[in-house]
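Chain order of the listed sequences is E and Y. Just so we're aligned, residue 8 is where the first sequence starts under this note's numbering, counting upward by one. Just so we're aligned, residue 128 is where the second sequence starts under this note's numbering, counting upward by one. We put the beta carbon where it would ideally sit given N, CA and C, even for glycine. Quick caveat, the model's predicted, so the values are computed rather than measured.
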Amino acid sequence: MDFISHDEKTIAEMLKIINVPDVDDLFQDIPKDLIIKTLNISEGMSEPDVLDKMKEYGNKNKIYSHSFLGAGCYYHYIPSLVDFVISRSEFYTSYTPYQAEASQGYLQAIYEYQSVISRLTEMEVANASMYDGSTSLAEAAIMASIISGKNQVILLEGVHPDYIDVVKTYCWGQNIELIITSEDKLNDVLNEDIAAVMFQSPNFFGDITDVLVMSNKVKEKYPNCLLIQCMTDPTCLGLLKPPGKTNVDIFVAEGQSFGISPSFGGPGLGIFTAKKKFLRKIPGRLVGKTKEINGDREGFLLTLQAREQHIRREKASSNICTNQALCSLSALIYLVSLGRTGLREIANQNFQKAHYVKKAIASIPGYKILNKKPTYNEFIVRCPNINGLIRECKKMNLLPPLQISTYYPDMSDVVLVCVTELNSRSSIEKFIKAARLAINYEEERAD
Amino acid sequence: MDADECLIFDKGNGLVQRNFIPKLDVKSKRIDEILPKNLIRDELRIPDVSEVEIVRHYVKLSKINYGVDSGIYPLGSCTMKYNPKINEVVARMTSFSQLHPLQDENEGALEILNEISKMLCEITGMDGFTLQPAAGAHGELVGLLIIKKFFETKGIVKNKIIVPDSAHGTNPASAKMAGFSMIELQSNEHGEVPLDHLEYAMKQGDVAGIMLTNPNTLGVFDRQIKDITRIVHEHGGLCYYDGANLNPMLGICRPKDMGFDIVHLNLHKTFSTPHGGGGPGSGPVGVTNELIPFLPIPCIVSTDKGIICNYENHDSIGRIKAFWGNFGIVLRAFVYILSLGADGLKRVGQIAVLNANYLKTLLKKNYALPYDRICQHEFVLSDKYLPNDINTEDIAKRILDYGFYAPTIYFPLIVNGALMIEPTETESKNSLDKFVEVMYQIYNEALNEPEKLKNAPSNTPIGRLDAVIAARNPILHD
């Protein structure tokens, strides 16, 4: 199967017009000794054979009936119309909309995406998307450094550990000094030479920061220091005060929660927003509204391209070219499908269900909730028998919570529990039962 | 704008039945009992719109958008080939789409990552791959960081990168993001790298290497490629292959054999995954044995005990994306390679080049072809000899009027008024002939009715848009 429509006769006709005797002659510029005979890859397969093979691979992945795992990738319900709309092949088989007049549909959709993200975050400018939350945060650090002309940034503990690692890599690339510290020690390390303070809220452990208090504290002494907030599950914005109302300068988030399936962690969606005064330093594509040159009709196009790599080359604010357009379309359809009412209700349910589980777990002897601040749909628990808990969850067909030791080896008995609107009452009861049985399991072993 | 083409925000009617949220079946509390009031948001300016209205709105928008499934999409260097539907079916299988990146019992996914890495090694000749990068430019950044780390580890300071003027715009921007400054090398009259200039630049001593696209953006295969990589290596540099133009090389020749140390691929170009209107893509990076220790973490390693993930790698550049890269895209590319097999891949390379040369031969009758030689996957025309002051933009906009998408325009920069055309292997002869017919017709109009081109497009949902006003007073949201 090769998706090519020429037969041998057609190929011969075309070669005649090109005026070469053979297809091989089209490769005459390539030194002879570089031409290979054949690739050591198996023969092509028919559709049914490919599907059979892929099912075999799929069967080696375990999909559970319910999940208590989040940590940067979340199970939320995806309305059926999301996939229907993004599967319109006029959308998914198109390229970056360089020719605006033949791409008005997508351009308007991206404009609507920018609008809906602005409305949700109350930030003044949203770009047309980045790769994911982690790279968005890294690009935000670079952007802050460019804006301020300073090359030190602070990152507060509690940012997703993968994101911290990505920021480290990008900062090393740009010779930006990254200072990692805790919120308590922020005052000790803040000074005139700091470009930005980066933090996550709700953070990796679930804690919600009072962002306004923090931004006031930072800005009071250092009004030019930028505040960069990131978020891994922005469904909480249905209830939480948005970054645009808490004096955040750059807000980034992983948008996977908005209608994008987990898919082993990618593709997701990098949400990138900023205050308007930083518009010309923002990385990535932007869609703007304008008018016809010879008419009055309004239309949409890629704008402010002078910031971008294909125009400014080595002077560009970022090297982003391909972004996550189709994922931003998913997010748009998701957000308008839920609407104001649905977004508030989703956030409410995540809060309510997670707090229900949190309280129930806390009441089981031996378990201790470690969060000191309010939480959204994730929280951390010290367990009396973590292996028992993981085992009991799996037995009940529940995807177990994250063992924090995956990232922090010295926190060996702590799990990060995630509860969303998809956790039904019965799955929650099973989880609580698993937590109880895990203790018994330990007692049996002790005997 | 027509009243019925309004924004989704104009459609809200308030009272909407929500079908997307399960019933809350646990005992709930008042939200201000579990959350301090000052953390709670006030208004949320997102409308409530009914499902029917949403679907109709976006179906309407899709109808004023052009994709590969609409017709030929001859954007040069973008490789807009057909996106097989089976890729989409597999990506939506629950066993892949619902897999969590932090769960165990993921052997199927890891096996796929391992298998496709081996296939990409075979296709490019390289020794190891990372599938982490989310796009081509992301792959470039990773490749350059590997170069940076390689020299850092050796304690050698090399902070410059050579980029020919025929390179993609992302190359210089990526070099800057990795902390390199750029030396631009002018192409010679054949569109190739001048060896004497290259040698002179490499002799400066602080040059870490070269970024090269081959075939380059003129669609030309650099005949001296082995000398280029030899010269760079002789002066202690590394050679980076921008794989954006790999399509015509499939099954024909391999970057490592040309002498390259690092290569990035665009799975959304060469390996048929959909462009999605500008993403998501995937930009795997392949390296030689010597550079494997510098690949980003986590790495997939095949051992006697099965496939494991390596998170510890002392010399690694570090992490460059959360989790595993764009797995859903890698998966589609894997399905494509399985479908085509070795012979199919070779046919892709052959027919991509056949189609480009066929179009080039027919179009050069009317349009200037500055580099007139056998091309690979694409070729570049110029507006140089067009009558009545007709320029490249006029041609492009008039093509839209005939219901096709336009080629890449004003790129590469080394050709004035460039029209860069890449048909790909999936266009039939019939489709190519129709495109040629339209281009002839447009040429005749340029001669006899130039105002038709100057006023183009007139047959699209909207006329030519004012980019100057848009940039001067940006309106980026409603």
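Sub-9 Å separation of residue i and residue j beta-carbons
i, j, result
"Ile393 of chain E", "Asp420 of chain E", "yes"
"Ala598 of chain Y", "Gln312 of chain E", "yes"
"Pro401 of chain Y", "Thr329 of chain E", "no"
"Gly370 of chain Y", "Gly266 of chain Y", "yes"
"Gly413 of chain Y", "Gly198 of chain Y", "no"
"Lys303 of chain Y", "Glu321 of chain E", "yes"
"Leu392 of chain Y", "Asn355 of chain E", "no"
"Val204 of chain E", "Cys178 of chain E", "no"
"Leu603 of chain Y", "Lys296 of chain E", "yes"
"Leu528 of chain Y", "Glu97 of chain E", "First, the amino acid is wrong: residue 528 of chain Y is Asp here, not Leu. Against a cut-off of 9 Å, the Cβ pair of Glu97 of chain E and Asp528 of chain Y comes out as no contact."
Alpha helix (DSSP H) segment containing residue i, residue limits
i, result
"His265 of chain Y", "263-281"
"Asn557 of chain Y", "556-575"
"Pro391 of chain E", "No alpha helix (DSSP H) contains Pro391 of chain E, which DSSP labels as neither H nor E."
"Ile478 of chain Y", "454-490"
"Ala294 of chain Y", "Here Ala294 of chain Y belongs to no alpha helix (DSSP H), and DSSP marks it neither H nor E."
"Gln225 of chain Y", "Careful: Gln225 of chain Y lies outside any alpha helix (DSSP H) and carries neither H nor E."
"Ala147 of chain E", "140-155"
"Ala583 of chain Y", "Ala583 of chain Y -> no alpha helix (DSSP H), and no H or E assigned at all."
"Phe75 of chain E", "Run containing Phe75 of chain E: none; DSSP gives neither H nor E here."
"Leu22 of chain E", "15-25"
"Asp369 of chain Y", "No alpha helix (DSSP H) contains Asp369 of chain Y, which is instead part of the beta strand (DSSP E) from 365-370."
"Met205 of chain E", "No alpha helix (DSSP H) contains Met205 of chain E, which is instead part of the beta strand (DSSP E) from 201-207."
Close-in-space but distant-in-sequence residues of the same chain around residue i (CB under 6 Å, 5 per side omitted)
i, result
"Pro269 of chain E", "Cys80"
"Lys248 of chain E", "none"
"Lys23 of chain E", "none"
"Ala218 of chain Y", "Gly455, Leu458, Arg459"
"Lys487 of chain Y", "Cys502, Phe506"
"Gly262 of chain E", "Leu276, Ile278, Ala338"
Contacting residues, own chain, Cβ-Cβ under 7 Å from residue i (five flanking each side not counted)
i, result
"Asp131 of chain Y", "Because Asp131 of chain Y sits at a pLDDT of 48, beneath the cut-off of 50, its placement in the model cannot be relied upon, and the following sentence gives the value as read from the coordinates. Result list for Asp131 of chain Y: empty, nothing under 7 Å."
"Met376 of chain Y", "Gly476"
"Leu345 of chain Y", "Ser293, Gly318, Tyr498, Val507, Pro539"
"Phe450 of chain Y", "Pro228"
"Glu578 of chain Y", "none"
"Met128 of chain Y", "Legend: pLDDT at Met128 of chain Y = 44, less than 50; position of this residue unreliable, no value from coordinates given."
"Ala495 of chain Y", "Leu508, Ser509, Lys511, Tyr512"
"Glu450 of chain E", "With a pLDDT of 48 at Glu450 of chain E, under the threshold of 50, the modelled position of that residue is not reliable, and no figure is offered here."
"Thr17 of chain E", "none"
Nearest-angstrom beta carbon gap, residue j and residue i [assumed within contact, 8 Å]
i, j, result
"Leu233 of chain E", "Ile154 of chain E", "7 Å"
"Pro584 of chain Y", "Arg500 of chain Y", "About 33 Å; that fails the 8 Å criterion."
"Ala300 of chain Y", "Gln106 of chain E", "Not a contact, Cβ separation roughly 23 Å."
"Ala335 of chain Y", "Ile288 of chain Y", "6 Å"
"Arg351 of chain E", "Leu246 of chain E", "7 Å"
"Thr382 of chain E", "Pro209 of chain E", "7 Å"
"Val57 of chain E", "Ser466 of chain Y", "6 Å"
"Val176 of chain Y", "Ile135 of chain Y", "6 Å"
"Gly346 of chain E", "Val143 of chain Y", "6 Å"
Contacts that residue i makes with chain Y (C-beta to C-beta distance below 7 Å)
i, result
"Cys334 of chain E", "Pro407"
"Phe10 of chain E", "Tyr209, Pro211, Thr553"
Chain-ordered chain C contacts of residue i [CB-CB under 9 Å]
i, result
"Ala133 of chain E", "Absence of chain C from the displayed structure is noted, the protein chains being E and Y."
Within chain Y, the residues that residue i reaches when beta carbons sit closer than 8 Å
i, result
"Asn210 of chain E", "Those do not exist, as Asn210 of chain E stays about 14 Å from chain Y at its closest Cβ, beyond 8 Å."
"Ile70 of chain E", "Thr221, Ser222, Gln225, Leu226"
"Tyr84 of chain E", "Phe147, Ile148, Pro149"
"Gly373 of chain E", "Ordered by position in chain Y, no residue passes the 8 Å Cβ test against Gly373 of chain E, which lies about 23 Å from the chain."
"Gly349 of chain E", "Arg145, Phe147, Ile148, Asp175"
Start-to-end residues for the beta strand (DSSP E) that takes in residue i
i, result
"Lys298 of chain E", "294-298"
"Asn437 of chain Y", "433-437"
"Cys328 of chain E", "Looking at the DSSP string, Cys328 of chain E is not in any beta strand (DSSP E), and its letter there is neither H nor E."
"Gln159 of chain E", "159-163"
"Leu88 of chain E", "Per DSSP, Leu88 of chain E belongs to no beta strand (DSSP E); it is in the alpha helix (DSSP H), 87-93."
Close beta carbons around residue i, own chain, < 8 Å, minus the five adjacent residues each side
i, result
"Ile439 of chain E", "Val364, Ala367, Ile368, Ile371"
"Leu88 of chain E", "Ile340, Ser344"
Residue i: contacting residues in chain E (beta-carbon distance under 7 Å)
i, result
"Ile444 of chain Y", "Thr176"
"Ser155 of chain Y", "Gln359"
"Gln230 of chain Y", "Leu76, Leu406"
Closer than 9 Å at the beta carbon, the chain Y residues around residue i
i, result
"Tyr229 of chain E", "Near Tyr229 of chain E there are no residues of chain Y at all, since even the closest Cβ is about 23 Å away, more than 9 Å."
Chain E residues whose Cβ lies nearer than 9 Å to that of residue i
i, result
"Ser331 of chain Y", "Reading the sequence as shown, one finds Gln at residue 331 of chain Y and not Ser. Ordered by position in chain E, no residue passes the 9 Å Cβ test against Gln331 of chain Y, which lies about 17 Å from the chain."
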